[in-house]
Structures are given as structure tokens and as C-alpha cells.
Amino acid sequence: MKLLAIDSSATAASAALLEDGVLRGEFFINTKLTHSQTLMPMVDALLKNTCIPIKDIDLFAVAAGPGSFTGVRIGVAAVKGMAMAQGKPCVSVSTLEAMAYTACCFDGLVCAVMDARCNQVYNALFQVEKGRMIRLTPDRALSIAELAKELSGYQQPIFLVGDGADLCYNHYTGPIPGIRLVPAHVRFQHASGVGAAAYILAKEGKTLSPAQLMPVYLRLPQAERELKKKKEGKQ
Amino acid sequence: MRRICSHSPAETEAIGERLAGALQGNEVLALYGGMGMGKTAFVRGLARGLGVRGEVSSPTFALVHEYQGRVPLYHFDMYRVGSWDDLYSTGFFDYLDCGAVLVIEWSENIEAALPDGVIRITLEKGDGEQERTLTIEGMEADETFGN
């Protein structure tokens with residue numbers, strides 16, 4: 000089974016091609032160039048360099064959120080378009096799950112965190128056990144303080160991944176002794192992680208038609224907070 | 000803080016153009032002021048000062064207009080933005096820290112989301128019909144007008 004996976008959920012963009020779970024090729028770019036400039040040339044180069052024509056791709060996968068509003072949309076739109084043109088199914092992968100797959104190697108808890116501003120994070124928790132990854136929570140948005148309360152209940156190493164990892168690490172070392180920061184080269188989401196997660200989801204029958212594929216945005220608790228400037232002079 | 004008086008839209012443009020000389024990228028300029036105070040005129044001048052060619056208009060419907068000058072310029076209009084969800088869906092947060100200059104009209108609507116180090120420019124009616132007072136906060140006095 001040949002799978003094309005894409006991630007453009009943050010400032011980096013990547014594309015990966017997997018065949019029966021084996022990574023055949025991957026491109027990754029993390030510069031100031033926009034995804035609309037880098038993504039399709041990467042996909043094109045990937046297919047050319049692996050000598051796999053697009054018509055041979057069985058499944059298209061994407062990190063569908065959480066993440067940057069425009070980045071997620073670009074990835075989802077690209078996958079929707081390609082899958083629709085080829086008449087093939089899609090897999091919607093959580094960005095948090097994709098980064099957990101990139102990092103998970105040791106038994107323990109993987110805590111995927113993406114910075115959502117104002118001391119809030121997008122988060123999910125995964126248990127890694129003998130090479131298997133088990134999701135413990137749905138993707139959610141919460142404050143780093145609330146997350147700390149939950150994590151203090153776990154008596155095992157806790158591996159932080161994602162762009163919110165160092166923010167959390169600075170708050171949690173001390174109060175949470177098991178906390179670990181995963182090294183930078185495996186800390187962030189990559190298309191290969193999207194592909195690894197998608198491969199398993201596909202085997203479980205969790206595919207979608209291109210028409211069904213949508214961006215997934217998590218609503219922040221701070222959305223209740225006042226955004227506008229107060230009319231009467233106030234700090 | 001610095002106060003400047005403008006006697007016409009052309010003067011407001013010229014003020015924007017001179018201020019552009021001090022910008023290097025990553026600055027966020029928050030404009031405050033009601034309709035007709037000259038916010039778009041100011042941005043027109045700012046864009047010219049950054050070497051942007053072509054027409055500059057208010058992005059009330061598009062929410063953001065992108066221009067290419069010596070650095071990218073992103074021109075926002077938050078008039079229609081009413082909530083954090085609205086703001087998120089403009090992609091505003093994706094534009095911060097990317098080396099571009101951001102200039103925002105109707106910043107009153109997104110006060111709580113403005114980053115640290117924001118430059119605030121308030122445009123108010125002056126004494127005469129065409130007169131406006133521009134108050135600039137957040138720039139060093141000697142930086143305000145470049146060289």
C-alpha cells in the first residue's frame with residue numbers, strides 16, 4: 000500500500016511517501032518561504048525521485064489540525080485536491096498524534112503540546128508500551144497549569160514533544176520529576192509521522208472520502224476572554 | 000511618545016512614508032482612530048516608504064492585504080473581527096515573527112491580542128476640518144522618522 004503524507008500545520012512543511020509502512024522518501028523545509036510556495040514542488044520532487052507516479056498512490060494523509068489556521072488549510076486543501084483527482088481515500092491525522100509517532104521510542108508517556116498562546120496549549124497524551132502507542136486523551140485545548148495537575152498523577156517518564164514542549168518543560172521541571180524534553184530533531188511534526196499514524200488508522204478502517212476531509216480546529220478556553228479594548232480608560 | 004499634526008491626507012501619507020524608513024521587519028503597528036481619521040492614508044504612505052508599488056486600499060472585506068516592499072507588508076483591518084475565533088481565522092497569528100511589517104486598522108477590536116513591543120499610532124481630529132493629530136507610542140524618539 001502506497002501512502003502520500005503531508006504536514007504543513009506549523010512553519011515547517013514536509014511531504015513523505017510510505018510503502019507498506021516503510022518510508023521511501025521525505026522532504027522537509029523549515030524556512031520563511033510559505034507553504035503555498037514549497038509544498039507542491041516537494042510533492043512533485045518526491046514522486047519523481049521515488050519513481051512512483053501519483054496514480055499509484057493508494058491513500059493520501061494529512062495533519063489536519065490543530066495548528067496554524069492557514070497552514071492546516073493549505074495541507075488539507077492539497078490532499079483533498081490530489082485525492083479527489085485520483086479518486087482515492089484520505090486519512091485525517093491529528094498533528095499531535097503525528098508528532099507522538101515521530102518521537103515515540105521508549106516506554107512511557109508521550110505528552111504532545113503545541114503553543115496556543117496565553118499559557119495555553121493544544122495537547123494529547125499517549126502511552127507507549129512495547130512499541131505500541133495508545134491514545135489516552137482526545138485532542139484538547141487547556142492551560143499549562145491544568146495540564147500540570149493531570150501529569151502530576153503519572154509515575155513514569157513523561158516525554159514532551161511539540162513547539163510547546165520547552166514552554167512546558169520550563170514550568171514542569173521540579174514539580175514533575177519524570178518530565179523529559181525530547182531532542183529537537185525528533186520533537187516536531189513531520190510528514191513521516193503523519194504517514195506512520197495514517198498507516199495504522201487505515202488498517203483500522205479509518206479513512207475518509209476527499210469530500211469528508213476537513214480541517215480540525217480546537218477552540219481555546221481563552222475565547223471567552225475580552226478581546227476588544229474597553230471603552231472607558233482602563234489598563 | 001510623539002505628537003504630530005497633519006493638515007491633509009497628503010501630509011498623513013508623508014508621515015507614514017517617513018516612518019517607514021525606520022522599520023526593519025517584525026514591527027507591528029497598531030492604528031487607532033474612527034472612520035475618516037486617515038488610517039488608510041497613513042498606510043498608503045507607509046507602503047510607499049517601504050518600496051511597495053501599486054494601489055493600497057482598505058482591506059475591510061478581505062481582512063488582510065499583502066504587499067511586497069523591501070520587506071513584506073501585511074495590512075489588516077479588524078473592523079469585522081469580533082472574537083478570538085474570528086481573529087484566529089484571519090491567520091493573524093501566523094503573520095507575527097515572520098520578518099514582515101504588520102499594520103493594523105481598528106486595533107481597538109483586538110487590543111488583548113497585540114504582541115509586546117507593539118507601536119501604537121492614534122489618529123484623532125485636530126482643530127480644523129482637515130487637521131489630524133497623530134500620536135505615536137512605542138518607538139524611540141530618534142527612531143521615529145529614520146534617516
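Protein chains in written order, with numbering that gives the first Met the number 0: chain A, 0 to 234; chain B, 0 to 146. For each residue, glycine too, the CB sits at the ideal point set by N, CA and C. The model shown is predicted, which means the values in this text are computed figures rather than measured ones.
Practice problem: Tell me whether His34(A) is buried or exposed, calling it buried when 16 or more other Cβ atoms sit within 10 Å of its Cβ. | Solution: buried
Self-check item: For Lys1(A), the three-state DSSP class (helix, strand or coil)
Solution: strand
Practice problem: Can you give me the Cβ contacts of Arg47(B) inside the same chain, cut-off strictly under 7 Å, excluding the 5 residues immediately before and after it? | Solution: Glu16
Self-check item: Contacts that Gly70(A) makes with chain B (C-beta to C-beta distance below 8 Å)
Solution: Asp93
Quiz item: Does the Cβ of Thr172(A) have 16 or more other Cβ atoms within 10 Å, making it buried, or fewer, making it exposed?
Solution: exposed
Quiz prompt | Pick from Pro71(B), Glu130(B), Gly33(B) that is closest to Asp96(B), judged by C-alpha positions | solution = Pro71(B)
Quiz item: I think Thr101(A) touches Val21(A), with their Cβ atoms under 8 Å apart; what is that distance to the nearest whole Å?
Solution: Wrong, their Cβ atoms sit about 16 Å apart, outside the cutoff.
Exercise. May I have the straight-line CA-CA distance separating Ser13(A) from Ser7(B), to the nearest angstrom?
Key: 50 Å
Quiz prompt | Completely contained alpha helix (DSSP H) runs for the segment 73 to 101 of chain B, where each covers 4 or more residues | solution = 83 to 87, 91 to 94
Exercise. Quick one: list the residues of chain B neighbouring Leu219(A), beta-carbon separation under 9 Å, in chain order.
Key: Trp83, Asp84, Tyr87
Quiz prompt | Nearest residue (CA-CA) to Val92(A), options Ala164(A), Ile5(A), Phe187(A) | solution = Ile5(A)
Quiz item: Are the beta-carbon atoms belonging to Val160(A) and Ala63(A) less than 8 Å from one another?
Solution: no
Quiz prompt | Contacts that Ala112(B) makes with chain A (C-beta to C-beta distance below 7 Å) | solution = Leu226
Quiz item: Along the segment 36 to 58 of chain A, what residues have a CB closer than 9 Å to any CB found in chain B?
Solution: none
Quiz item: Taking any Cβ of chain A, which residues in the segment 0 to 11 of chain B have a Cβ under 8 Å from it, in chain order?
Solution: none
Exercise. Whole angstroms is fine: what's the gap from Val55(B)'s alpha carbon to Lys47(A)'s?
Key: 41 Å
Quiz item: Leaving out the 5 sequence neighbours to the left and right, which residues in its chain are closer than 6 Å to Asn29(A) when beta-carbon positions are compared?
Solution: Ala11
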